[in-house]
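Numbering-wise (the working numbering), the sequence shown opens with residue 629 and increments by one. Heads up: the structure comes next, in structure tokens.
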Amino acid sequence: MRSELLAWFDQHQRELPWRRTKDPYGVWVSEVMLQQTQVDRVIGYWSRFLERFPTVKSLAAAEVADVLSMWTGLGYYSRARNLHRAAQQIVSEHKGRVPREVKDLLELPGFGRYTAGAVASIAFDQETPIVDGNVARVLSRVFEIEGQPQDKVREAKLWERAGELVKGARPGDLNQALMELGATVCVPSSPLCLICPVRAKCKALAHGRVDELPPPRKAMKRKKLELAVAVARRGKDVLLARREEKGLFGGLWELPCVELPGTLEKLLGKRTTSIGPEMVVIERTLTHRDLFLHVFPVKVGARALGKPPPGYVEWKWVPVSERKTLGMSSAMSAVIDEALGDFH
Ligand code: SF4
């Protein structure tokens, strides 16, 4: 199976910018971006990120807000914060060089078994396995591995199989071949078994069970999150606040907001002189949540802003035209677009 996978990968792999590098930093950034984000979307982000922060040292020295601003639109902002923290740790503990051993990589913020295995195998040719959703699908079909996607026994079997397969020449390419096969041929529904390089070895195909494996993931119950959002303007400026590091949207800039039934009066306190009627409700779908943003025009007194409201570490008046330079979630960016229209 190894030789078939490698030969197929050599011929059919997609041309992706991070595949042209063995620089562990570039590989690492690509792997973090690719978690839960489509390849097509990542291409532009990866190139811009590497242009702005070309080395581990430059990333470590950057302000977290700058890192988050380069991440705007990718979602899962904790990934960016961990990337930044890990870069700082690499500078302080590893002289700015990404460690090559899995055990050292696992000590870094944001590194799990997957990311450590990917960096060690792709950048350092270590025989370390990786199992992501694509690899899990391929292996569960080829070896007829049963069990629900979150099942621990299934997980252990998948890692064991991946560990056996990666032993030998070109471990990084072997891992990427498995991922690529899952992304382009052994896709979730209607896989292209006719052109699959490992079809002769695939047990699910032989037993007519391709549609059964892996079983569909049980749907997670979605949560509803309702926020009251304050749009306060002063001339060409809009009032923005930066969240504390933890939690949803942690560390990002946004219009000051509070989860209902909390109120903007309470959030903004005495600085508010008036709150107008609700302008609009904007709905956004996040991975596990349905977000409802109730937008209110707010007048804030002319006095200095003083301490930021609870849940925020700073706040300030920002020219509307400059807001895109700050790290902000796409949900909040959409609110500003809608609430301020073409106001610049
Ligand atoms: S033969 Fe079909 S089910 Fe089996 S690995 Fe290939 S694409 Fe997947």
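Idealized CB from N, CA, C, for every residue including glycine. Fair warning: this is a prediction, and the values are worked out from it, not measured in the lab.
If you look at I823, you'll find it isn't in any beta strand (DSSP E); DSSP assigns it neither H nor E. Boundaries of the beta strand (DSSP E) harbouring R912: 908-913, taken from the DSSP string. Between ligand 1 and A714, a heavy atom-to-CB distance of less than 7 Å is absent. In this structure, the straight-line span from the alpha carbon of V838 to that of R769 is close to 6 Å. The beta carbon of T913 sits closer than 8 Å to the beta carbons of L919 from its chain, once the five residues preceding and following it are set aside; these are given in chain order. Only buried fits L806, as 16 or more other CB atoms lie within 10 angstroms of its CB. Separation of the CB atoms of L662 and V670 is rounded to 6 Å, and the pair is thereby assigned contact status at 8 Å.
Taking the Cα of L634 as reference, the smallest distance to any Cα among P825, L841, G879 is reached at P825.
Three or more beta-carbon pairs separated by less than 8 Å are not found between the segment 704-718 and the segment 882-893, which leaves the two stretches without contact. In the DSSP assignment, D732 falls within the unbroken alpha helix (DSSP H) covering 730-733. Closest in C-alpha terms to G761, from the list G703, V747, R782, L968, comes R782. When the Cα atoms are used, R647 and S749 turn out to be separated by approximately 13 Å. With respect to the 8 Å criterion, G904 and F924 are classified as neighbours on the basis of their beta carbons.
Taking 7 Å as the cut-off, one finds no heavy atom of ligand 1 near enough to the beta carbon of R789. At least one heavy atom of ligand 1 lies closer than 7 Å to the C-beta of R769. Classified as buried, T756 has 16 or more neighbouring CB atoms from the shown chains inside 10 Å of its CB. The bridge partners DSSP lists for Y940 are R871.
In this structure, V859 and V926 form a Cβ contact; the two beta carbons are roughly 6 Å apart against a cut-off of 8 Å. Distance from the CA of I758 to the CA of G955, rounded to the nearest whole angstrom, comes to 31 Å.
Three or more Cβ pairs closer than 8 Å define a contact, and the segment 947-965 falls short of that threshold against the segment 891-907. For V963, the CB contacts under 7 Å within the same chain, skipping 5 residues up- and downstream, are V857, L883, I910, L921, V923 in chain order. Distances from the CB of V763 to the heavy atoms of ligand 1 are all 7 Å or more.
In terms of side-chain proximity, the C-beta atom of R630 is found no nearer than 7 Å to any non-hydrogen atom of ligand 1. The beta carbons of V667 and L644 sit about 7 Å from each other, so the pair counts as a contact at 8 Å. For Y653, the closest alpha carbon among the candidates V726, C830, Q716 is that of V726. If the five residues before and after K852 are omitted, its C-beta is found closer than 6 Å to the C-beta atoms of D918, all from its own chain and listed in chain order.
In this structure, the straight-line span from the alpha carbon of L833 to that of V815 is close to 14 Å. Across the structure, C830 and F739 are spaced so that their CA atoms are roughly 32 Å apart. The beta carbons of G791 and D753 sit no closer together than 8 Å. Judged by DSSP in its simplified three-state form, A828 adopts helix. Taken through DSSP and simplified to helix, strand or coil, M661 comes out as helix.
With 16 or more other CB atoms across the displayed protein chains lying within 10 angstroms of its CB, G810 is buried.
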